[in-house]
Amino acid sequence: MTTIEMGEFQFGRGFSNAFGSLRQDFGALLPSIFLYVLGPQFAVGLLHLTVLPVDPANPFGAMLGVIGENILANLISLAAVGSVIAVVGGRLAGAPLSAQSAISVGIRKFLPIWGVSIARTFAVAIASFIILAPGLFLFTMWYVAVPALVLEDEDVFGSLSRSAELTKGHRWPVFGYLLLAAVMIFLPPFILGAVSIFLPGAIDELIVTPLVQTLTVVLAPSLSTGLFHELKRVREGGGTQVANIFA
Numbered sequence: 005m006t007t008i009e010m011g012e013f014q015f016g017r018g019f020s021n022a023f024g025s026l027r028q029d030f031g032a033l034l035p036s037i038f039l040y041v042l043g044p045q046f047a048v049g050l051l052h053l054t055v056l057p058v059d060p061a062n063p064f065g066a067m068l069g070v071i072g073e074n075i076l077a078n079l080i081s082l083a084a085v086g087s088v089i090a091v092v093g094g095r096l097a098g099a100p101l102s103a104q105s106a107i108s109v110g111i112r113k114f115l116p117i118w119g120v121s122i123a124r125t126f127a128v129a130i131a132s133f134i135i136l137a138p139g140l141f142l143f144t145m146w147y148v149a150v151p152a153l154v155l156e157d158e159d160v161f162g163s164l165s166r167s168a169e170l171t172k173g174h175r176w177p178v179f180g181y182l183l184l185a186a187v188m189i190f191l192p193p194f195i196l197g198a199v200s201i202f203l204p205g206a207i208d209e210l211i212v213t214p215l216v217q218t219l220t221v222v223l224a225p226s227l228s229t230g231l232f233h234e235l236k237r238v239r240e241g242g243g244t245q246v247a248n249i250f251a
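Here our numbering is used: the first residue of the sequence shown is 5, the next is one more, and so on.
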């Protein structure tokens with residue numbers, strides 16, 4: 005287990021935590037990525053191109069079919085979120101995970117992650133209904149809720165409370181981190197999406213879309229987990245509890 009001392013919050017350390025862990029343990033993530041992201045997204049693209057092609061006579065039905073396919077694939081990808089967080093968090097705690105363990109965590113944490121996502125999204129949407137600021141505050145406060153759920157075995161509302169506890173006193177830096185993370189997460193998909201306009205539909209459906217979803221699913225939880233570990237280091241001295249969970 006890695007020993008980490010408490011200290012000042014370091015903005016860039018969350019990013020180095022995330023990318024350093026991915027670099028070391030990306031191999032352990034590959035099976036989860038293929039199982040939970042690339043496979044379902046490729047299947048949806050293939051289904052769209054062959055079984056459910058767009059019917060000019062029934063565009064509404066075709067649109068509903070596409071929406072349903074994408075919702076199903078995106079729901080399945082939530083399992084990959086759990087796998088990514090477990091692999092990154094395990095590495096940072098000095099307890100690297102195997103590929104099999106990463107797949108298992110993804111399955112076990114699928115429904116709780118879905119629960120946190122729904123609760124957080126609903127609360128942020130309600131808070132932002134009149135003005136945006138309250139919603140941004142809540143999202144910042146709960147930014148590391150999913151890593152808390154996976155790595156500390158919290159329940160849905162316990163993870164939201166744990167995130168609020170860890171971000172307290174650092175919410176402006178966390179908000180800045182969140183904004184920079186959003187650029188890192190959404191810029192590559194935006195570029196790929198712009199390029200895909202000039203590509204044949206089959207390449208877009210079978211290659212570009214699965215790749216875009218993979219980048220998002222890997223980067224977003226990695227960056228929140230990197231910050232989660234940094235906040236724990238500042239407030240509590242490191243990731244002891246994370247290491248115990250995966251021991």
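Glycine included, each C-beta is placed from N, C-alpha and C at the ideal position.
Length of the line joining the Cα atoms of residue i and residue j
{"i": "L215", "j": "P44", "result": "12 Å"}
{"i": "L164", "j": "W146", "result": "6 Å"}
{"i": "G18", "j": "P100", "result": "18 Å"}
{"i": "G173", "j": "T218", "result": "33 Å"}
{"i": "H52", "j": "P192", "result": "24 Å"}
{"i": "I117", "j": "S226", "result": "15 Å"}
{"i": "A206", "j": "F161", "result": "42 Å"}
{"i": "L3", "j": "P204", "result": "The requested residue 3 is not part of the displayed model; the chain covers only 5 to 251."}
{"i": "L210", "j": "L42", "result": "9 Å"}
{"i": "A127", "j": "K113", "result": "21 Å"}
{"i": "G241", "j": "V187", "result": "29 Å"}
{"i": "F194", "j": "I134", "result": "28 Å"}
{"i": "T7", "j": "G98", "result": "Confidence at T7 is low in this model, with a pLDDT of 44, below 50, so its placement is unreliable and the value that follows should be read with caution. Between T7 and G98, the C-alpha separation is close to 9 Å."}
{"i": "T229", "j": "T54", "result": "39 Å"}
Nonlocal neighbours in the same chain, by C-beta distance under 8 Å from residue i, ignoring five residues either side
{"i": "P15", "result": "Looking at the sequence itself, residue 15 is Phe, so the reference to Pro does not match. Result list for F15: P177, G180 and Y181, in chain order."}
{"i": "L170", "result": "V148, A152, F232, L235, K236 and R239"}
{"i": "G224", "result": "Note on identity: in this sequence residue 224 is Ala, with Gly being the wrong assignment. Once the five neighbours on either side are set aside, the close Cβ partners of A224 are V85, A185 and I189."}
{"i": "T144", "result": "T171, R175, V178, F179 and L182"}
{"i": "F46", "result": "L210 and P214"}
Sub-8 Å separation of residue i and residue j beta-carbons
{"i": "G110", "j": "G94", "result": "no"}
{"i": "V199", "j": "A84", "result": "no"}
{"i": "D29", "j": "V91", "result": "yes"}
{"i": "L96", "j": "N21", "result": "yes"}
{"i": "I89", "j": "V154", "result": "yes"}
{"i": "A168", "j": "S102", "result": "no"}
Cutoff 6 Å; reference residue i; Cβ partners in own chain excluding five residues on either side
{"i": "S1", "result": "Residue 1 is absent from the model: the chain starts at 5 and stops at 251."}
{"i": "P138", "result": "A131"}
{"i": "V212", "result": "L196 and S200"}
{"i": "R166", "result": "A152 and E158"}
Any non-hydrogen atom of the ligand ADP within 7 Å of residue i CB
{"i": "L42", "result": "With respect to small molecules bound, the structure shown includes none, and the ligand ADP cannot be examined in it."}
Ignoring anything shorter than 3 residues or poking outside the stretch 169–211, list the beta strand (DSSP E) runs there in chain order.
Scanning the stretch 169–211 for uninterrupted beta strand (DSSP E) segments of 3 residues or longer gives nothing; none is fully contained.
At least 3 beta-carbon pairs within less than 8 Å: the stretch 144–155 vs the stretch 109–124:
Touching, yes, given that three or more Cβ pairs across the two stretches are closer than 8 Å.
My parser needs the alpha helix (DSSP H) runs of 4 or more residues fully inside the stretch 75–126; what are they?
Correct list: 103–112.
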